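Protein chains: 2
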Amino acid sequence: MTDRPVRGSRTGRPIMALLDLLGRRWTLRILWELRDGPLTSRALRAACDEASPTVLQARLDDLREAELVEHSAGEGYGLTELGREFRTAFMPLYAFADRWADGKPTTPS
Amino acid sequence: MTDRPVRGSRTGRPIMALLDLLGRRWTLRILWELRDGPLTSRALRAACDEASPTVLQARLDDLREAELVEHSAGEGYGLTELGREFRTAFMPLYAFADRWADGKPTTPS
DNA sequence: GTTCATGCTATCGAAAATGTAGCAAAGGCG
DNA sequence: CGCCTTTGCTACATTTTCGATAGCATGAAC
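Taken in order, these protein sequences are the chains called A and B. Each residue of the first sequence is one higher than the last, beginning at 20 in our numbering. Each residue of the second sequence is one higher than the last, beginning at 20 in our numbering.
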């Protein structure tokens with residue numbers, strides 16, 4: 020019953036912080052759109068389906084504080100080295116997405 | 020400038036659907052808490068820091084529709100085979116979380 | 001100086017999440 | 001059978017967040 024109470028869900032754990040960060044709208048999308056290189060704020064907004072600058076800016080702040088994204092005057096927003104590590108770690112999920120869509124024809128239109 | 024318009028966005032690619040699903044609050048957390056085996060709705064709620072049942076139920080519906088989570092009368096909520104594939108694909112990010120926290124001592128308390 | 005792109009903020013209505021309470025169904029048990 | 005507990009889920013009001021549009025300051029180009 021309460022034999023398995025909370026497991027590793029204490030709030031201090033890195034995975035919890037990461038889950039929290041990624042579980043906000045546009046966070047994953049931003050990281051994904053920056054995978055090929057830096058984008059200006061406007062270009063990023065275009066890539067993110069014209070998401071409102073309010074949230075985008077908030078998420079960029081989050082991601083900058085998380086040191087996954089950085090801003091350089093010349094190029095705009097891009098992944099930090101940590102961000103590029105994230106990208107690498109994310110790739111299996113990218114591959115999974117295809118298997119997922121494949122084995123889940125519950126996606127009519 | 021518009022030389023790099025949207026890249027791989029739109030087109031309803033699987034990755035976009037996955038990014039959308041995971042970018043909702045508690046989605047990733049739920050999948051994470053179910054990693055070791057099924058939990059009843061109440062136990063899951065406890066594991067998820069007593070999140071409100073409203074959202075949890077909504078996310079469980081999302082995840083069931085996505086065929087990542089299933090419900091069995093006897094055991095509660097658990098990962099489907101697809102869900103277990105997800106878990107595998109997610110592991111690199113779990114490993115990354117530690118490196119991230121390590122190289123980012125910007126997490127005092 | 002004018003034009004333009006960039007990075008960012010302001011506002012406000014809409015949507016989503018939170019917190020608490022509660023219910024119907026299923027099972028155990030006297 | 002009544003009584004109690006657990007489970008899965010819903011209702012509601014409040015708070016938080018998001019979305020859409022407009023707009024501004026800065027800096028570079030022309």
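Beta carbons: idealized from backbone N, C-alpha and C, even for Gly. For clarity, every value in this text was computed on a predicted model and none was experimentally measured.
Review point. What's the C-alpha gap between L53/A and L79/A?
Key: C-alpha of L53/A to C-alpha of L79/A: approximately 11 Å in a straight line.
Review point. Would you say T99/A and E89/A are within 8 Å of each other, going by their C-beta atoms?
Key: The answer is yes: Cβ separation under 8 Å.
Practice item. Identify the continuous beta strand (DSSP E) that holds G93/A and give its terminal residues. Key: First-last for G93/A: undefined, no H or E at that position.
Review point. What are the boundary residues of the alpha helix (DSSP H) that includes A66/B?
Key: S60 to A66
Practice item. Provide the residue span of the alpha helix (DSSP H) that contains A116/A, from first to last. Key: E100 to D121
Review point. Straight-line CA distance for L43/A to R44/B?
Key: Contrary to the premise, residue 43/A reads as Arg rather than Leu in this sequence. Roughly 6 Å between the two C-alpha positions.
Practice item. Please list, in chain order, all residues of the same chain as S60/B whose beta carbon is under 7 Å from its beta carbon, the five residues on each side excluded. Key: G95 and Y96
Point to revise | CB contact check: D81/B to chain A, cutoff 8 Å | key: no
Check your understanding: D117/B and P33/A look like a contact to me (Cβ under 8 Å); what is the Cβ gap, rounded to whole Å?
Key -> 5 Å
Exercise for review: Tell me whether the beta-carbon of W175/B lies closer than 8 Å to the beta-carbon of L82/A.
Suggested key: Any property of residue 175/B remains undetermined from this structure, which presents chain B solely from 20 to 128.
**Study point:** Whole-angstrom distance between A65/A and V74/A, CA atom to CA atom
**Key:** The straight-line gap from Cα to Cα measures roughly 14 Å.
Check your understanding: What residue from W51/A, D68/A and A77/A has the CA that sits closest to M110/A's CA?
Key -> W51/A
Review point. By how many angstroms is the C-alpha of A77/A removed from the C-alpha of L41/A?
Key: 13 Å
Check your understanding: Can you tell me where the alpha helix (DSSP H) with P72/B in it begins and where it stops?
Key -> P72 to E84
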